[in-house]
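Novice: Numbering (the UniProt record's numbering), first residue to last: 1 to 260. The C-beta atom is built at its ideal place from N, Cα and C for all residues, glycine as well. Every value quoted in this text rests on a predicted model; they were computed, and no experiment measured them. Questions regarding the structure given below will be posed in turn.
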């Protein structure tokens, strides 16, 4: 993944962590196919991220649906809640939805695409393999309707994708959780690079144990993707931020402050 510009010539990046909900997982045993967590539950954070590169913005993942704002909802053994919408959080930064240039999604699951339609004017960046699934899923029309219907601007990806064209933000192929799952590499100026996991891994213990959720689309690809992220982190000194891991929130500046 070569840089398109010398690091000194890139615009300074800012990275904000947004609170896009909480999910109380009632049956954690589903998150490892080796029966590692019987009878356990866990609270997952649902994190999204805003990245500014000059006057362009990337919104990475869009969390739980805005219809959940101020509510709690039960889905099977899980309970979901959302304190504030992404639009509301961006307003605190003085940013309008129309200013978001790109919406990048790690994968098509509801807790990563829920508020995408609020940014219908942005270019949607999504792996081609996941886009093929999206077009077969009627339940995603509410969140991804602007692009499914052909009204929104869409860019489907095959290889690693350099979002801003200067090597600062790369959507990395990391399949296994879904056929076209992606993670995100963000090269900040004043600190080590950040690796945003998507759902390549869900929580720290699974990272250590190489746990593979039973509902992933490929066990082998999941393990290979985790190995890739480990190697990238080791080679460039990146910090892994697991998006569903509450303990990883403190690795980035608290909202409304930014990391840069």
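Leaving out five residues before and five after residue 219 in sequence, what residues of the same chain have Cβ atoms less than 8 Å from its Cβ?
Specialist: Closer than 8 Å at Cβ, skipping near neighbours: 33, 176 and 212.
Novice: When DSSP labels each residue in this structure, what does residue 240 get in the three-state scheme?
Specialist: It is a strand residue.
Novice: Would you list the one or two residues that DSSP bridges to residue 56?
Specialist: According to DSSP, which records beta bridges pairwise, residue 56 is partnered with 53.
Novice: Please return the same chain residues whose Cβ sits closer than 8 Å to the Cβ of residue 133, not counting the five positions on each side in sequence.
Specialist: 108, 178, 179 and 180, listed in sequence order.
Novice: Which class does residue 255 belong to by DSSP, given the choice of helix, strand or coil?
Specialist: Reduced to three states, the DSSP call for residue 255 is coil.
Novice: To the nearest angstrom, how far is it from the Cα of residue 159 to the Cα of residue 26?
Specialist: Looking at the two C-alpha atoms, the distance is approximately 36 Å.
Novice: From the DSSP secondary-structure annotation, give me the bridge partner or partners of residue 201.
Specialist: Paired residues: none, contrary to the question.
Novice: Give every residue of the same chain whose Cβ lies closer than 8 Å to the Cβ of residue 282, excluding the five residues on either side of it in the sequence, and list them in chain order.
Specialist: The requested residue 282 does not occur in the structure, where the chain is confined to residues 1 to 260.
Novice: Please report how far the alpha carbon of residue 55 lies from the alpha carbon of residue 121, in whole angstroms.
Specialist: Residue 55 and residue 121: Cα-Cα distance of roughly 16 Å.
Novice: Just how far apart, CA to CA, sit residue 1 and residue 168?
Specialist: Residue confidence is low: residue 1 scores 42 on pLDDT, short of 50, so the model does not pin down where it sits. Its coordinate-derived value is still stated next. Approximately 10 Å between the Cα atoms of the pair.
Novice: For the region 76 to 83 against the region 145 to 154, do three or more pairs of beta-carbon atoms, one drawn from each stretch, fall closer than 8 Å, so that the two count as touching?
Specialist: These segments do not touch.
Novice: Hey, out of 42, 58, 24 and 30, whose CA is closest to residue 325's CA?
Specialist: Nothing can be reported for residue 325: it is not among the residues displayed for the chain, which extend from 1 to 260.
Novice: Any contact between the region 35 to 44 and the region 178 to 197? By contact I mean 3 or more CB pairs, one from each, below 8 Å.
Specialist: These segments do not touch.
Novice: Using CA atoms only, rank isn't needed, just tell me which of 28, 173 and 24 is closest to residue 74.
Specialist: If we check each option's Cα against that of residue 74, 24 comes out closest.
Novice: When you compare each of 156, 60, 31 and 51 to residue 43 by their alpha carbons, which one comes out closest?
Specialist: Of the candidates 156, 60, 31 and 51, the one whose C-alpha sits nearest the C-alpha of residue 43 is 31.
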